[in-house]
Structure formats: C-alpha cells, structure tokens
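Following numbering that gives the first Met the number 0, the numbering of the sequence shown begins with 0 at its first residue and continues without gaps.
The beta carbon of each residue, even a glycine, is placed where N, CA and C say it ideally should be.
Taking it in order: structure first as structure tokens, then the write-up.
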Amino acid sequence: MTALRVLIADDNPVVRAGLASLLATAQDMAVVAQAADGREALSLTRRHAPDVILLDVRMPGVDGISALPHLVQLAPVLMLTYSQEAEVVREALLLGAGGYLVHGEFTPEDLLRAVRDVREGRAQFTTTAASALLADLRTSSQPQRNVSRSSDRLHNTVLFGLSSREVEIMDLIASGMSNQQIAATCFISEKTVKNHINRIFAKLQSTSRSEAIARWLGTARPGVSGHG
C-alpha cells in the first residue's frame, strides 16, 4: 500500500513534532514536509506533492487562511488549529478546507481517521467547529427583518409538518451545504442525512434541492420546478 503523504504547517515546532510523531504511528501515512508558515507551506507543497495538508490558522507572515485558497488547488486541506471562532471556521470552509479540527477536542485515532477521510473528500469537524459553524449559519441566514423571517419559518415548519431535526437539516440545505457537510455538522451518517432529505422532499412536495429551498424560503412559484 502506498503511504498517504502528509504536510504539516504550524508555526509551533512542538506541535509540528507532536503531530509528526503521531502520524508516524500509522503504517499508511508518512510526513513528507513540515512548514512554519503559509508561504513555506505553499513552497513545500509544490515540491513534495502531499496527499493531505494539515494547516494551522494563525501563523506569522502568511497565515493559514491567506494560504488556504492556494493550497486547496494542490491538495485537500484539513484545518488543525486552536482557533474556534465561528467566522474563522466559516471562512476556512468557504475557501475550500475539507475539515476543521480544534486542538484538545480529538483523540489520536480521530485525527488519523480525519486525515484519511479528508483525503477521500469526507468532511470532518470537531464539536466546537461544528457548533460554531451551525450557529454562524443560523445567524447569517437571518435577514434584517428577523421577526418577520422567524414568523415565516415557524409558519413553514407548521405548514410542511417538519420535525425539529428536519427543520435543522432543511436550514443547512438552504445554506448550500452538501450531504457530507450536513452529516459532519449534525454528527450523523450520510445515509441518515439522505433519509431525512427524502422525507423532507416528500413533505415539501419537491423533487430537487433547489425546489425544496424555494418552497422552504417561500419563493417557489406555481408550476416552477428546480434542478439540483
């Protein structure tokens, strides 16, 4: 089996050494390079072509967020950081990060699994990151007329007969999340997400994501169906 090649980017040499030692315990992984900032991470990524990049957020010089949009064009990126602010989590995901782990919230086994999953395109989040993302999505999805929108949302919930979990998932669908991202955020399997979505589509009498979103947000017009 070809070893999964990992690059570690963190300004703290103790953290880099600890991560390298941990990854070395996995027979299917190999640390091919270590970087102290975003600029070095980009240079070493081009040189060593890693399969996955572990990237810190706050580093001197070029930080992780600044380097991220360039790095994701070369390899999947897993954010591995102490930064847990909702806006940072959201920005990292919008810029293409495949997952977000906060130090202190995962076991060695969790990290090894996350590295493998991100390599395969499966998103991974620790509890704080997932909660911050969900809270940020709920806040950012509310227009200025919060009272009016909350009333509309409650009306739709009653009108379509969605459960509290289905409402949560429908909100995440409307925010643009994929099934993988919804599964990671809600800590459920993709199969469970699909089952929820099938029930949601049936209740909303929709055959696609775009049509369901339109009905949920109250923008659907009679006779118009979406695709997606």
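Range covered by the beta strand (DSSP E) that runs through residue i
i	result
Ala29	28 to 34
Val101	98 to 101
Val13	It is not in any beta strand (DSSP E) - Val13 instead sits in the alpha helix (DSSP H) that spans 12 to 23.
Leu77	76 to 80
Host alpha helix (DSSP H) of residue i (start-end)
i	result
Met169	163 to 173
Ala8	Careful: Ala8 lies outside any alpha helix (DSSP H), inside the beta strand (DSSP E) at 3 to 8.
Ala85	85 to 93
Thr106	Premise fails: Thr106 is in no alpha helix (DSSP H) and is neither H nor E.
Val192	189 to 203
Arg214	208 to 216
His184	For the sequence presented, residue 184 should be read as Thr rather than His. 178 to 185 is the span of the alpha helix (DSSP H), which, as asked, contains Thr184.
8 Å contact criterion, which residue i and residue j should meet: CB distance rounded
i	j	result
Ala229	Leu67	Coverage of the chain is limited to positions 0 through 227, which leaves residue 229 absent and any answer about it impossible.
Leu136	Ser174	5 Å
Exposure of residue i, with buried meaning 16 or more beta-carbon neighbours within 10 Å
i	result
Ala40	buried
Gly63	buried
Leu70	buried
Ala219	In this predicted model, Ala219 has a pLDDT of only 48, less than 50, meaning its place in the structure is not dependable enough to derive any value.
Phe186	exposed
Arg15	buried
Pro12	exposed
Pro107	exposed
Leu6	buried
Gln26	exposed
Exercise for review: Run through the segment 41 to 68 for me and flag every whole alpha helix (DSSP H) of 4 or more residues, listed as ranges in chain order.
Suggested key: You should have found no qualifying run.
Point to revise | the segment 111 to 120 / the segment 45 to 56 touching (three or more Cβ pairs under 8 Å) | key: Inter-segment contact for the segment 111 to 120 and the segment 45 to 56 is present: three or more beta-carbon pairs are separated by less than 8 Å.
Check your understanding: Is the segment 20 to 34 close to the segment 91 to 105, with three or more CB pairs under 8 Å?
Key -> Verdict: no, contact absent.
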